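Residue numbers (this note's numbering): 1215 to 1545. From the three backbone atoms N, C-alpha and C, an ideal C-beta is built for every residue, glycine too. These numbers were taken from a predicted model, which means no experiment stands behind them. Below is one structure, written out as structure tokens, with a few remarks after it.
Written out as structure tokens, the structure reads:
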């Protein structure tokens, strides 16, 4: 099965989302928007305070604005434990995604821990999705991304066989060693290990996808060539927009204190810390900036930046440069 796209992008803001459509149309490049349950879900989300229906309606407007864009609407990490939720909530997410035209759902029950239970619930969810919407594409993963490689290759092959017997799978999520912490890539891509997994994936006709591929440069991306079919990048785009916002505030003498305080007080930075502590307030605020883009504090400074330039256009151009860097090197 051919990979639908090489790059999955987190919909961190309206600016990021529009940049995906713009880039896809201008470069005839298929792209994936990969919304997590925290970002956008059936009931709410931190991205523009949208629920799934509202998000889908915005996507519909962009499809009219950019009719030649090929953008796949994807659900990232659809499983329990990603939003302090249970399995019942997962099926509310699935139902809403299917009702609102999602193209792909990533089934991920890694937080259940028990391997048999993970496979059992994954199978149930996949069969449910396929029964309701046979054309919906499936991505599957069974292991939490910790940056630690899994040495039991035979278990990975057993899982690939298990899922291949269920239905065609578009992406199998491979642990590559990559890991995002703070505003850095702290993991290390292991080519030797992934080469072995690649052979197994080819046997079962799976595309391999790597998550947590943020903050890597051209040389690192090229290491994936021939091994990884697609990568996901998300928090990096929130940080790029946050840093760009602060830069423009400094250029134009705009006070960003309220925004920094709002981001810090959200505490959404805590799970990303590695070497630093809560004492590094500025770093924590940059990490968490995108979680509060929907706040009045952020909207107020964007309004002031827009008196000097078209900030939406500035962000779009910056995002598109980053997309190009990934896509040019991931052949």
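- Beta-bridge pairing by DSSP links residue 1319 to 1289 and 1352.
- The beta carbons of residue 1351 and residue 1318 sit closer together than 8 Å.
- The three-state secondary structure of residue 1247, taken from DSSP, is strand.
- Beta-bridge partners of residue 1339 (DSSP): none assigned.
- Contact between residue 1421 and residue 1294 is ruled out by a C-beta separation of about 25 Å, above the 8 Å threshold.
- Beta-bridge partners assigned by DSSP to residue 1421: 1385.
- By a beta-carbon distance limit of 8 Å, residue 1227 does not contact residue 1530. Their separation comes to about 10 Å.
- Judged by DSSP in its simplified three-state form, residue 1327 adopts coil rather than helix or strand.
- If you draw a straight line from the Cα of residue 1514 to the Cα of residue 1335, it is about 44 Å long.
- The criterion of a C-beta distance shorter than 8 Å is not satisfied by residue 1532 and residue 1464.
- Shown here, residue 1399 sits in a strand according to DSSP, grouped into three states.
- According to the DSSP assignment, residue 1502 belongs to the alpha helix (DSSP H) that extends over 1495-1502.
- Residue 1508 has its alpha-carbon roughly 12 Å from the corresponding atom of residue 1258.
- For residue 1511, the three-state secondary structure derived from DSSP is helix.
- When the alpha-carbon of residue 1449 is set against those of 1395, 1321, 1517 and 1299, the nearest one is in 1395.
- About 3 Å separates the CB atoms of residue 1504 and residue 1452; that is less than 8 Å, so the two are in contact.
- For residue 1259, there is no enclosing alpha helix (DSSP H), as DSSP marks it with neither H nor E.
- Residue 1344 and residue 1353 have their C-alpha atoms spaced approximately 12 Å apart.
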